[in-house]
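Participant: Got a structure for you, written out below as structure tokens; questions coming shortly.
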Amino acid sequence: MHLISASLLLQLVATVLAAPAKRAASFAYGVDKVRGVNLGGWLVLEPWIKPSLFNQFLTGTPAVDEYTFCQVLGPDAAAAQLRQHWDTWFTEGDFARLAASGLNHVRLPVGYWAFNKIAGEPFIDGQAIYVDKAIGWAQKYNLKLWIDLHGAWQSQNGFDNSGRFGRIGWGTAETVQHTIDTLQVIVNRYGRNPGVAGIELLNEPAGFAIDPSIIRDFHQRGYQVAKSTDRFVIIHDAFLRPDQTYNNFPASQYPNAAMDAHLYQVFSPGENAMSHQTHLTVACKKRSSLAGAKGKMPIIVGEWSGAETDCAQWLNGFNRGARYDGSFPDSYYIGSCANKNSLDAMNGDERNQVKEFILAQLDAFEAGGDGWIFWTAKTESADLWNFQKLFDYGLFPVGARGFCDPFPWS
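Encoded structure:
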């Protein structure tokens, strides 16, 4: 039997008393191009984005994600550190800076525990206040904001960015229903807020490990919850084939919705071993595949980066190595990770290669698809994943097109 907590019940009842929905700030999805960044590592911790939060676990009992961060520190210390982090990692000044860079969107990852916490779990809540702040800042600087449910109860992918690294436990009737309930809370709280342009139903459900029919049914149910507002609904492709994703959500039956694809080139030994020219070719060829998918429904590349290797510290998990230098399990040595993360340490030719890779992706994602959202707005040390630093170095020309011409690439 699925039980609903008293706090959740109160939030559901609030829907009945709520005023009619206000229309979100307009954006012509499918016509105008989405150009945005993710607000990664803020309301869902990722050790590689802000290593300074996790250095304290290099000795003693390790913490590898937000769940164990809270568990190891205990509620008081975890709450104090998290609130300091929430107060400082993104501020109004960051939103002003992002808007001035020519962006029009921000995607805000948040975990279920911010809205529908499970009793007895160590997670610290309180993130909703910062979601409210982000919405206000986005409105002030004319940035369209998506709320992205990044972590589901029991983890939909086993990644640390789901809040809990390791086993994939999502996909049972109870965990799916909990996620539907969480979406209902989000819709109740934000579906009538004109500062929210879109709601992403769930980030990266693991189609490689979970029955695709379970993911499909969840997305169809989640769409029904979110469509009660006029907010844009975003559905992640779950790393599945088009016949398992786009074909299940024809635009005629799912208006005001889009597919989200995450296109990285660093999470396998083969990708790390590719030459710079091959990385460019792979990126440019996405023009065709995205254009084919776009014929079914709008498609936005909701995560990508400027990296051609996985050398960023802890990118593959807390205190884990890289495939590129062979320090990650079941990988082999391709090259040294020295100077692969720092723009300051790179020479002019190396920085130009970073710019070329970004230009290739910008062209493919806009010419073939409906736009892009870079991962992520900023990092402590992983420069090729840090939009603000890439932009400041002149390596991220927002709006640039034509790199892949003449097309197609072979």
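Counted the way mature numbering (1 follows the signal peptide of the UniProt record, and there is no 0) counts, the sequence shown spans residues -18 to -1, 1 to 392. Here a beta-carbon is modelled for each residue, glycine too, at the ideal position from N, C-alpha and C.
1) If you draw a straight line from the C-alpha of Tyr123 to the C-alpha of Tyr306, how long is it?
2) Evaluate Arg17 with the Cβ neighbour count: other Cβ atoms within 10 Å of its Cβ, from every protein chain shown; 16 or more gives buried, anything less gives exposed.
3) Could you please give me the residues that DSSP links to Lys126 through a beta bridge?
4) Which two residues bound the contiguous alpha helix (DSSP H) that contains Glu28?
5) Could you give the residue range of the beta strand (DSSP E) that holds Gly288?
6) Between which residues of its own chain and Asp374 is the CB-CB distance below 6 angstroms, once the five residues before and five after are set aside?
7) Could you tell me if Glu186 is buried or exposed, where buried requires 16 or more neighbouring beta carbons within 10 angstroms of its beta carbon?
8) Taking 7 angstroms as the limit between beta carbons, can you name the residues of its chain near Gly351, skipping five residues before and five after?
9) If you compare alpha carbons, which of Asp199, Phe369, Asn143, Phe385 is closest to Phe378?
10) Can you check the region 239 to 321 for any beta strand (DSSP E) of at least 3 residues that lies completely inside it and give the ranges in chain order?
11) Over what stretch of residues does the alpha helix (DSSP H) that includes Val13 continue unbroken?
12) What first and last residue would you give for the alpha helix (DSSP H) that runs through Ala346?
13) Quick check on the DSSP output: the beta strand (DSSP E) that includes Ile192 runs from which residue to which?
14) Looking at the structure shown, is Glu48 part of a helix, part of a strand, or coil, going by DSSP?
15) When we look at the beta-carbon of Asn143 and count the other beta-carbons within 10 Å, is it buried (16 or more) or exposed?
16) Reducing DSSP to helix, strand and coil, say where residue 444 ends up.
17) With 16 other CB atoms within 10 Å as the buried threshold, where does Ile100 fall?
18) Looking at the strands, I want to know which residues DSSP matches up with Gly133.
19) Below 7 angstroms between beta carbons: does that hold for Leu222 and Pro194?
Facilitator: This is what the structure gives:
1) Counted from its first residue, the sequence shown places residue 123 at position 141. Counted from its first residue, the sequence shown places residue 306 at position 324. Rounded to the nearest angstrom, the two C-alpha atoms are 39 angstroms apart.
2) Translated into positions along the sequence shown, residue 17 becomes position 35. When all chains shown are included, Arg17 counts as buried.
3) Walking along the sequence shown from the start, residue 126 turns up at place 144. Its beta-bridge partners are His87.
4) The residue given as residue 28 occupies position 46 in the sequence shown. Unbroken run through Glu28: none, as it is neither H nor E.
5) Here residue 288 corresponds to residue number 306 of the sequence shown, with the count starting at 1. First-last for Gly288: undefined, no H or E at that position.
6) Along the sequence shown, one-based indexing puts residue 374 at 392. Taken in chain order, the list of residues that qualify is empty.
7) Within the sequence shown, numbered from 1, the residue matching residue 186 stands at position 204. The residue in question, Glu186, is buried, as its Cβ has 16 or more Cβ neighbours within 10 Å.
8) Start at 1 with the first residue of the sequence shown, and residue 351 comes out as number 369. Within the same chain, Gly351 has close Cβ partners Leu272, Lys276, Ile281, Ile282, Val283.
9) For the purposes of this step, residue 378 is taken as the residue at position 396 of the sequence shown. That would be Phe369, whose Cα lies nearest to the Cα of Phe378.
10) 239 to 244, 281 to 285
11) Taking the sequence shown and counting its residues from 1, the one referred to as residue 13 is at position 31. Element bounds for Val13: n/a, residue is neither H nor E.
12) As a position in the sequence shown, residue 346 is number 364, starting the count at 1. From DSSP, the alpha helix (DSSP H) with Ala346 extends over 330 to 349.
13) Taking the sequence shown and counting its residues from 1, the one referred to as residue 192 is at position 210. Segment: none, Ile192 is in no beta strand (DSSP E) and carries neither H nor E.
14) Taking the first residue of the sequence shown as 1, we reach residue 48 at position 66. Here Glu48 sits in helix by DSSP.
15) Within the sequence shown, the letter at position 161 stands for residue 143. Asn143 comes out buried.
16) Residue 444 cannot be examined here, being either before or after the span of the chain that is shown, -18 to 392.
17) Start at 1 with the first residue of the sequence shown, and residue 100 comes out as number 118. Classification of Ile100: exposed, given that the 10 Å Cβ count is below 16.
18) Working through the sequence shown from its first residue, we reach residue 133 at position 151. In the DSSP output, where bridge partners are listed per residue, Gly133 has Gly93.
19) Position 240 of the sequence shown, counted from the start, is the residue given in the question as residue 222. Position 212 of the sequence shown, counted from the start, is the residue given in the question as residue 194. Yes, the Cβ-Cβ distance between Leu222 and Pro194 is below 7 angstroms.
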